[in-house]
Structures are given as C-alpha cells and as structure tokens.
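Below: the structure, in structure tokens.
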Amino acid sequence: MTNKTRHTWQITIETHSVTIVRTNGKPISAFCERCRTNVTVFAPEQIAAFFGMTLAEVCRRVEVDELHLIETRRGVALVCGDSLNNAETKHNSKAKR
1 MTNKTRHTWQ ITIETHSVTI VRTNGKPISA FCERCRTNVT VFAPEQIAAF
51 FGMTLAEVCR RVEVDELHLI ETRRGVALVC GDSLNNAETK HNSKAKR
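Per my numbering, the sequence shown runs over residues 1 to 97.
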C-alpha cells in the first residue's frame, strides 16, 4: 500500500485598474480649495452613474472627506476630479485588508 501525500495550493491574484473619465464636450474646471489647484469637476450624478453607486453614497463620501465638494457661484455642487483618485486609492487599500 502506498502513502498518498495531499498538497494544498494557495493562489493569490492581485489586480490594479486605471479609470479614465471622459465628458461629452469640454471638461469643466474649477478651483478646489482642498487641493489648492484648478481641477476638472464632475456633477455628483455623473460620479454616481459612472462608479455604480447611489447619489447618497457620493454624498456620504463627501461628508467623510473622501471626495471634495466645490460649490459654484450659482450654488451648483460639483465634485473635485482629483479627490476621485484619492478616494479610489483609499477604497482599494481598505479592500486589500
């Protein structure tokens, strides 16, 4: 009778992604006080639709300072494009834990 040795293998796959957001037409830019620079801005609804989240989730991320909100002179709320990169990086690093 032969002894059969059983082997267990663990395979770990790590992925990275790059997200490119394009607008229909000329990008809108505004000054973000948090970033201290001019940035491309997006409507909260655009962010929600593109990333597959609810508008409430976008608002929650603004409230916890993951996304920067920029208000125009006319009172329109826009999201800082640079803060999207930072929020996505934070989200990915939390997911790895």
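Ideal Cβ positions, reconstructed from N, Cα and C, are used throughout, including at glycine. What you are looking at is a predicted structure, and each value in this text was computed from that prediction instead of being measured.
Asked, Found
"Beta-carbon proximity check, Thr-40 vs Ala-48, cutoff 9 Å", "no"
"Opposing strand residues paired with Asn-38 [DSSP bridges]", "Phe-31"
"Among Pro-44, Val-79, Val-62 and Thr-5, the one whose alpha carbon lies nearest that of Ile-70", "Val-79"
"Span of the alpha helix (DSSP H) around Ile-47", "44–51"
"Val-62 versus Trp-9 - alpha carbon distance", "42 Å"
"Pairwise C-alpha distance: Glu-14 and Ala-77", "36 Å"
"Exposure label - Phe-50; buried when at least 16 CB within 10 Å", "exposed"
"Among Arg-36, Cys-35 and Ala-56, nearest to Glu-45 - alpha-carbon criterion", "Ala-56"
"Residues that DSSP places opposite Ala-77 in a beta bridge", "Glu-71"
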